[in-house]
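Worksheet: the structure to be examined is printed underneath.
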Amino acid sequence: MSDLILETRGLTKTFGGLTAVSGISLQVAPREIHAIIGPNGAGKSTMVNLLSGHLLPCAGQVIFNGQDITGLAPNKVSHLGVGRSFQRTNIFPSFTCLENCLLAAQSRLKNSFRFFRRGDRYPLVRERAEKALEACGLSSKGHSIASSMSYGEQRQLEIGMVLATEPSFLLLDEPMAGMGKEESNRVVELLAELSRDYSLLLVEHDMDAVFSIAKTLTVMVNGQMLASGPLDHVRNDPAVQEAYLGD
Ligand code: ADP
Ligand code: MG
């Protein structure tokens, strides 16, 4: 049990009469990619919001690194090492890539709203930002204005911004959404590389991408967990075949 980085137990969220997430229990081991798949409205983004502290569960628990983090505020969850991206891009379009990463790196430090002042902590922030840019494959684009880059690069930058907060665990909500094949292949490679150093929970529509990099998989339909576990096991589960993969 203790070798898990993330575990949920009976996690549940209702909105009025709608149960968006219903008693989900899943487990993620360190340095693996765990993917959540399921049709639109399945409850995937709600799961991410429950894990990052952006939503409070109605029932159930979130255990991160052996610590119960259920109900902690997003900034507390982030300080413990959970970094997240959003389904829609969240970058500052008129800033450079480096500036975007500097902002993200700075957001991790307390009492650090002196944007770009060369205070004591600036070298540390700068180092983290540069490291993050390199890790997301954009080190040559540090001085490019974010809005001038391709859509794929902007989404890559978003991953860089998550990395700049120095997480150990990454929550990525559809990082390949809206990308062409070439762009999404680049992100698949990036994620595979990141999984050497980080644990990842990936919400993704692109089945080819999921099957090529995820080690474990949870399938959700209508808030319910249809199956969860090692990729091949889940993929061949008759209920999953029937309800989600078709044929
Ligand atoms: P997915 O990411 O799998 O497409 P979501 O988690 O976004 O699904 O949504 C699951 C269900 O919960 C949907 O029916 C959606 O309309 C509903 N939902 C999500 N967020 C809210 C909210 N803040 N208020 C009310 N209903 C919501
Ligand atoms: Mg979603």
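In this text, residue positions in the sequence shown follow the numbering used here: the first is 160, and each later residue adds one.
Built from N, CA and C at the ideal position, the CB exists for glycine as well.
Asked: In chain order, which continuous runs of the beta strand (DSSP E) of length 3 or greater are located wholly inside the segment 275–349?; Found: 328–332
Asked: Quick check on DSSP: helix, strand or coil for I372?; Found: helix
Asked: Taking the Cβ atom as the reference point for each residue, do R287 and A323 lie within a distance shorter than 8 Å?; Found: yes
Asked: Please go through the same chain and pick out, in chain order, the residues whose beta-carbon is closer than 7 Å to the beta-carbon of A351, but skip the five residues on each side of it.; Found: I372
Asked: Can F174 be considered in contact with the ligand ADP, in the sense that its beta carbon sits closer than 7 Å to one or more heavy atoms?; Found: yes
Asked: For G219, collect the residues of the same chain with a Cβ closer than 6 Å to its Cβ; drop the 5 residues on either side in sequence, then sort them by chain order.; Found: R168, G169, L170 and T171
Asked: Over the uninterrupted alpha helix (DSSP H) stretch that includes A264, give me the two end residues.; Found: C256 to S266
Asked: In the structure shown, what three-state DSSP assignment does S181 receive?; Found: strand
Asked: Okay, do the segment 178–190 and the segment 333–349 touch, 3+ Cβ pairs below 8 Å being the bar?; Found: no
Asked: Given a cut-off of 8 Å, decide if C256 and L214 are closer than it, judged by their beta-carbon atoms.; Found: no
Asked: If I measure Cβ to Cβ from S343 and keep anything under 7 Å in the same chain, skipping five residues before and after, which residues do I get?; Found: M335, D365 and A368
Asked: Based on the DSSP output, what are the partners of V378 in its beta bridges?; Found: I196 and A386
Asked: I'd like to confirm something about T171: is its beta-carbon nearer than 7 Å to some heavy atom of the ligand ADP, or not?; Found: no
Asked: Buried or exposed: P282, going by 16 or more other Cβ atoms within 10 Å of its Cβ?; Found: exposed
Asked: Let me know the secondary structure DSSP gives L102 once reduced to three states.; Found: The structure shown has nothing for residue 102, since the chain only spans 160 to 406.
Asked: Buried or exposed for G175, going by 16 or more other Cβ atoms inside 10 Å?; Found: exposed
Asked: Thinking C-beta only, is F328 closer than 8 Å to Y357?; Found: yes
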